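Peer 1:
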Amino acid sequence: MPRFPKIAEHAHSVSHRVYSNLEQRALAKNEHAYRLHVGDTYRDPVPAAQAERQLSSEHPGLHNYAPVHGEPSLIDAFIAYVEGRHGETLNPDLVQVMSGATAGLSVVCQVLLEPGDEVLLPSPFWPLSRGVIATKGAVPVQVPFYTRLDEPGFDAEAVLESAITDRTVALYINTPHNPTGRVLCGATIDAMMRVAKRHDLWVLTDEAYEEIYFDREPPDAVWKRADIRDRAIAFHTLSKTYG
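Read in order, the letters of the sequence shown are residues 2 to 244 in the working numbering.
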């Protein structure tokens, strides 16, 4: 009788159906569940971003494999976007196009993390971030954070510092935040970056929701800070910005 290969041990550390289970419980009580954690949109994409308008006859080679680094015209468009929004000019060599930000995070974690390494994961958090880290054999260290920011005397730096061990290698930061919608203030980000620099951590900065912000002046991206730019890896996504 054939024996199937076993599943890697770290795969068992990944929980599943977290929000789906909550949704089923709500439906059982005839309540409606609003799936804010998905970050999906109710709007149609802008005409230029609609796939059915991209005809192969007008874009020769559209059906072929793309360059590993990413389609040059797409990289140029992203660089122009960053320059217009953030006033920063990126070196094209620092831009990598992936099949979604989740795939990008997975590849980065594969490169940076060894089994047993720890990543500080301020909670609550986007569900897949924990799973991506865990499937690399690393340990997502959940730190209650975003829902505590308004507590009297809350010290963001001390809270993160208390979670540091000799296996900590990275800090995951997300602002504007999924799922709370919280936008971190400059002082809080400063505190988080002091911890990252003190312990020589990678900073994994999730910028997926940077355009879903409705105040007068949008916040600066975390990766723009000169003192941490050499340790920051930013994740952007077309789906949240363009639907």
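All C-beta atoms, glycine included, are put in the ideal place defined by N, C-alpha and C.
All values derive from a computational prediction rather than experimental measurement.
1) According to DSSP, is D77 helix, strand or coil?
2) Does the region 140-159 come close enough to the region 83-91 that 3 or more CB-CB pairs lie under 8 Å?
3) I'd like the list of long-range same chain contacts for P116, defined as Cβ closer than 6 Å, with 5 residues on each side in sequence excluded.
4) Have a look at N175 and L121 and give me their C-alpha separation to the nearest angstrom.
5) Let me know the secondary structure DSSP gives T189 once reduced to three states.
6) Within the same chain, show all residues whose beta-carbon is closer than 6 Å to that of L185, passing over the 5 residues directly before and after it, in chain order.
7) Can you check the region 145-187 for any beta strand (DSSP E) of at least 3 residues that lies completely inside it and give the ranges in chain order?
8) Nearest to F146 by CA position, among E162, A135, I134, is which residue?
9) Confirm, please, whether the CB-CB distance from E211 to A222 is below 8 Å.
10) If we count the other Cβ atoms within 10 Å of its Cβ and call it buried at 16 or more, is N179 buried or exposed?
Peer 2: To lay it out plainly:
1) Locating residue 77 in the sequence shown gives position 76, where the first residue counts as 1. Helix, per DSSP.
2) no
3) Within the sequence shown, the letter at position 115 stands for residue 116. Exclusion of the five residues before and after P116 leaves G138 as the residues of its chain whose Cβ lies within less than 6 Å of its Cβ.
4) Locating residue 175 in the sequence shown gives position 174, where the first residue counts as 1. Locating residue 121 in the sequence shown gives position 120, where the first residue counts as 1. Roughly 12 Å between the two C-alpha positions.
5) Counting from one through the sequence shown, the residue named residue 189 turns up at place 188. Taken through DSSP and simplified to helix, strand or coil, T189 comes out as helix.
6) Residue 185 sits at position 184 when you count from the first residue of the sequence shown. Here the set comprises T176.
7) Taking only runs of at least 3 residues, the beta strand (DSSP E) segments lying wholly in the region 145-187 are 169-175.
8) Translated into the one-based positions of the sequence shown, residue 146 becomes position 145. Minimum Cα distance to F146 is reached at E162.
9) Within the sequence shown, the letter at position 221 stands for residue 222. Within the sequence shown, the letter at position 210 stands for residue 211. Contact flag set, yes.
10) Position 178 of the sequence shown holds residue 179. N179 is buried by the Cβ-count criterion.
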